[in-house]
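Data first, discussion second: the structure below is written as structure tokens.
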Amino acid sequence: MSAPRATIALVSGLLALAGCASQRPPTLSHLSSHPGPAWLELGSSREGRPLRALNLGTGGRRVAVIAGIHGTEQEGLRHVPEMIELLATLPATIRLYEDVNPDGTAAARRSTANGVDPNRNWPAENFTPKSTHGPRPLSEPGVGLVYRDLLRFDPDLVVVLHSTRRGPFVNFDGPADGFAERFAVAAGRPWSTQPSMGYPTPGSLGSWFGLDRGRPILTVEFLRGAPAVETGPALLRGLRAVIQDGPLEPAPTRDEVFYVR
Ligand SMILES: [Zn+2]
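Per the working numbering, residue 97 is the first one in the sequence shown, and the count goes up by one each step.
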């Protein structure tokens, strides 16, 4: 092909591309709504379900958020899409872990497929071998995968979502009382802080990260079975408050909570 012909072909090719682009502009919202978030697969559970994590935001505090760990406590998991939307906008480096125990979630069972409580299987000094704790720390694939990934990510703060009939409150370990207070105040009444669960939790994530490593961790306990219209706004307000410094907005009244969304 002669040089002028090559130029004409190139120009017409560019014009065709420009025409295509003008019909469907690649806006940010277009890109984010189509391919979906880029989940990383850390590995698989015992029954072959993926253990997934997602990076969101840059700079600032390094925060790990774990949406689910006990399969009977799925109040946080249902808010993963809204959390992604919020966390992507905050000035922090976030690693969102979807679920430490996807086999338990699929079966609506607290334990892993092996009958082990995934919040008693961490390599804390107080780990106690037992059939429901595992023969050794990290015997459960999901716990091992998230543990190794947390070591690499090296968070300044961990937030893990649970639920209990005694909720809602924020339990904490390590130097986390200020974070717990901010979360509870922002979440609004009837949220409170509770330094202790009231029973021993050997081998828990809080024992390993908070007590042994001396780093802040919040164990967020929703009221078991509370409707999403209550848990969602409380969670998003609480997360925003602990991830981003600065004054807190006034907590909503109970009536306002019910009319959000
Ligand atoms: Zn739990």
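All C-beta atoms, glycine included, are put in the ideal place defined by N, C-alpha and C.
Quick one: what's got a C-beta closer than 7 Å to residue i's C-beta in the same chain, skipping five residues either side?
{"i": "D199", "result": "S141, R142, E143, R145, T208 and A209"}
{"i": "T123", "result": "Its pLDDT being 36, under 50, T123 is placed unreliably by the model, and nothing is read from it."}
{"i": "L246", "result": "A160"}
{"i": "R244", "result": "none"}
Spatial neighbours of residue i within its chain, please: CB distance less than 6 Å, with the 5 preceding and 5 following residues excluded, ordered by chain position.
{"i": "A117", "result": "With a pLDDT of only 36 at A117, under 50, the local geometry of the prediction cannot be trusted, and the value read off the model is given with reservation. Excluding positions up to five away in sequence, the list is empty."}
{"i": "A220", "result": "G299, S303, W304 and D308"}
{"i": "A280", "result": "V266, W287, S288 and T289"}
{"i": "L186", "result": "G153, I339 and Q340"}
{"i": "L136", "result": "A149"}
{"i": "N197", "result": "I165, G167, T208, P214 and G238"}
{"i": "H126", "result": "Only weak support is given to the placement of H126: the predicted model assigns it a pLDDT of 36, under 50, and the value that follows is read from those uncertain coordinates. Within the same chain, H126 has no close Cβ partners at all."}
{"i": "N222", "result": "P298 and S303"}
{"i": "E169", "result": "H258 and S259"}
{"i": "P312", "result": "L253, G270, P271, A272 and F275"}
Alpha carbon to alpha carbon, how far is residue i from residue j?
{"i": "D213", "j": "H258", "result": "13 Å"}
{"i": "L183", "j": "R157", "result": "12 Å"}
{"i": "G334", "j": "V242", "result": "23 Å"}
{"i": "G167", "j": "H229", "result": "15 Å"}
{"i": "D273", "j": "S292", "result": "11 Å"}
{"i": "P323", "j": "P329", "result": "11 Å"}
{"i": "R337", "j": "E236", "result": "In the sequence as presented, Arg is not what sits at residue 337; that position holds Ala. Spanning the two alpha carbons is a distance of roughly 32 Å."}
{"i": "F249", "j": "R148", "result": "14 Å"}
{"i": "P251", "j": "G306", "result": "12 Å"}
{"i": "S227", "j": "G211", "result": "8 Å"}
{"i": "P296", "j": "P231", "result": "18 Å"}
{"i": "G263", "j": "A188", "result": "28 Å"}
{"i": "E171", "j": "G321", "result": "7 Å"}
{"i": "G342", "j": "A282", "result": "12 Å"}
{"i": "P233", "j": "L332", "result": "32 Å"}
{"i": "G310", "j": "R206", "result": "27 Å"}
{"i": "W218", "j": "L319", "result": "25 Å"}
{"i": "T224", "j": "H175", "result": "33 Å"}
{"i": "G240", "j": "G139", "result": "10 Å"}
{"i": "A203", "j": "G294", "result": "28 Å"}
Keeping to the same chain, check which residues put their C-beta closer than 8 Å to that of residue i; ignore five residues upstream and five downstream.
{"i": "I180", "result": "P133, L150, L152 and L192"}
{"i": "L314", "result": "L253, V254, V255, V256, V266, N267, F268, A272, F275, A276, F279 and V338"}
{"i": "L173", "result": "A163, G164, E194, D195, T201 and L257"}
{"i": "G155", "result": "P187, A188 and T189"}
Hey, could you find the ends of the beta strand (DSSP E) residue i is sitting in?
{"i": "D269", "result": "F265 to D269"}
{"i": "R158", "result": "R158 to I162"}
{"i": "R191", "result": "T189 to Y193"}
{"i": "E326", "result": "Segment A324 to I339 is the alpha helix (DSSP H) holding E326; no beta strand (DSSP E) there."}
{"i": "E317", "result": "I313 to L319"}
{"i": "T260", "result": "L253 to T260"}
Looking only at DSSP bridge pairs, what is residue i linked to?
{"i": "S288", "result": "F265"}
{"i": "A149", "result": "L136 and Y193"}
{"i": "G230", "result": "K226"}
Along the chain, where does the alpha helix (DSSP H) that runs through residue i open and close?
{"i": "I165", "result": "Element bounds for I165: n/a, residue is neither H nor E."}
{"i": "F223", "result": "Counting along the chain, F223 falls outside any alpha helix (DSSP H), and DSSP gives it neither H nor E."}
{"i": "Y383", "result": "Since the first and last residues shown for the chain are 97 and 357, residue 383 lies out of range."}
{"i": "E181", "result": "V176 to L183"}
{"i": "G277", "result": "According to the sequence shown, residue 277 is Glu rather than Gly. Note, E277: alpha helix (DSSP H), D273 to A283."}
{"i": "G200", "result": "P198 to A202"}
I think residue i touches residue j, with their Cβ atoms under 8 Å apart; what is that distance to the nearest whole Å?
{"i": "L301", "j": "N215", "result": "6 Å"}
{"i": "T48", "j": "E317", "result": "Not covered by the structure: residue 48. The range shown for the chain is 97 to 357."}
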